[in-house]
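Numbers given in my numbering equal positions in the sequence shown, counted from 1, plus 418.
Okay, so here's the structure we're looking at.
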Amino acid sequence: MNPSNIRVDEATRRLHERLMHVSRLAAVGEMASGVAHELNQPLAAVANYAQACERLLGLPNPDIEEVRDALRQITAQAVRAGDIISRLRGLTRARESLEQLTDVNSLILELSDLIDSDARLHESTCRFELASGLAPLNVDRAQIQQVVFALVRNALEALNGQPAGQREVVVKTSRAPDGDILIEVCDNGPGISAEIAQRLFDPFCTTKPAGTGLGLASSRTIARAHGGTLEHRAAPPRGACFVLRLPPPSRR
Ligand SMILES: Nc1ncnc2c1ncn2[C@@H]1O[C@H](COP(=O)(O)OP(=O)(O)O)[C@@H](O)[C@H]1O
Ligand SMILES: [Mg+2]
């Protein structure tokens with residue numbers, strides 16, 4: 419390689435670095451304004467309820483029940499703000515990852531009691547279709563469990579509007595032809611609403627009044643950190659299906 423080529427390479431590398439830096443800054447800026455917006459709601463609610471308490475307590479005969487209600491709202495909103503913050507931490511993956519060789523089915527079975535009781539609360543059933551003979555994967559068990567649980571939770575929440583007795587979630591494992599392991603969570607709910615289909619995995623994208631919109635975003639971050647993917651597909655005749663694809667240790 420002649421010296422001028424080396425100079426060009428060096429310049430390209432610096433430009434690339436600068437661009438990466440700028441795009442990281444843009445992402446951080448976007449993130450910060452999103453966080454500010456999300457946290458503003460619960461904080462404004464806390465301030466309003468606190469003012470209401472003060473006003474109520476200033477009345478000659480304060481209604482203690484009303485004050486108690488307002489205090490409960492303050493607690494709920496503070497918990498919500500805390501939830502947003504802790505999920506954001508998950509999004510940036512600040513904590514060390516603890517990867518170990520793991521049987522994917524056992525990781526799911528460990529969650530099954532929790533999932534079953536959550537399903538009962540939502541008057542739904544959850545079926546497990548776990549393939550046998552799957553090769554072990556090198557993953558952070560807790561993180562993958564967090565993803566599976568977030569997907570099941572979404573499925574159960576989507577089933578809320580459906581007639582009781584027909585609400586079903588299926589958690590399935592299988593081996594793709596290329597050797598990747600697939601974990602699928604499918605439901606027979608209404609499916610993804612068209613207006614958010616393109617933004618599904620964006621932080622803060624939610625259709626739920628008390629949703630954080632961080633479940634799918636942080637789940638995808640975890641999938642990618644494992645060299646995998648998290649995608650959505652429709653589940654004919656109706657419902658949604660989320661597919662977590664994880665590569666075997668030999669391809670990471
Ligand atoms: N199984 C599903 N069926 C229908 N819609 C879903 C499903 N899973 C996710 N969604 C949609 O994706 C949005 C984002 O999900 P998520 O990131 O987990 O945030 P949240 O659950 O807090 O709203 C949900 O608000 C919902 O509109
Ligand atoms: Mg969710």
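In this text, a Cβ means the ideal position worked out from N, Cα and C, and glycines have one as well.
Residue i, buried or exposed, once every other Cβ within 10 Å from all chains shown has been counted against 16
i: residue 503; result: exposed
i: residue 605; result: buried
i: residue 475; result: exposed
i: residue 526; result: buried
i: residue 512; result: Any reading at residue 512 is ruled out, since the residue's pLDDT is 47, under 50, leaving its predicted position unreliable.
i: residue 614; result: exposed
i: residue 585; result: buried
Beta-bridge partners of residue i, as assigned by DSSP
i: residue 518; result: 557
i: residue 648; result: 662
CB-CB length for residue i against residue j, believed under 8 Å
i: residue 678; j: residue 558; result: Outside the displayed range of the chain (419 to 670) lies residue 678, so it cannot be described from this structure.
i: residue 587; j: residue 653; result: Not quite, the Cβ-Cβ distance comes to about 11 Å (not below 8 Å), so this is no contact.
i: residue 664; j: residue 646; result: 4 Å
i: residue 529; j: residue 567; result: 6 Å
i: residue 593; j: residue 599; result: 6 Å
Any non-hydrogen atom of ligand 1 within 7 Å of residue i CB
i: residue 600; result: no
i: residue 608; result: yes
i: residue 578; result: no
i: residue 625; result: yes
i: residue 648; result: no
i: residue 605; result: yes
i: residue 611; result: yes
Any non-hydrogen atom of ligand 2 closer than 7 Å to residue i Cβ
i: residue 571; result: yes
i: residue 629; result: yes
i: residue 633; result: yes
i: residue 553; result: no
i: residue 560; result: no
i: residue 615; result: no
i: residue 568; result: yes
> Which whole runs of the alpha helix (DSSP H) in the segment 558-607 are 4 residues long or more, in chain order?
Replying inline: 559-577
>> In chain order, what are the residue ranges of uninterrupted beta strand (DSSP E) at least 3 long that sit wholly in the segment 463-549?
In response: If we require 3 residues or more, the beta strand (DSSP E) runs fully inside the segment 463-549 come out as 517-520 and 543-548.
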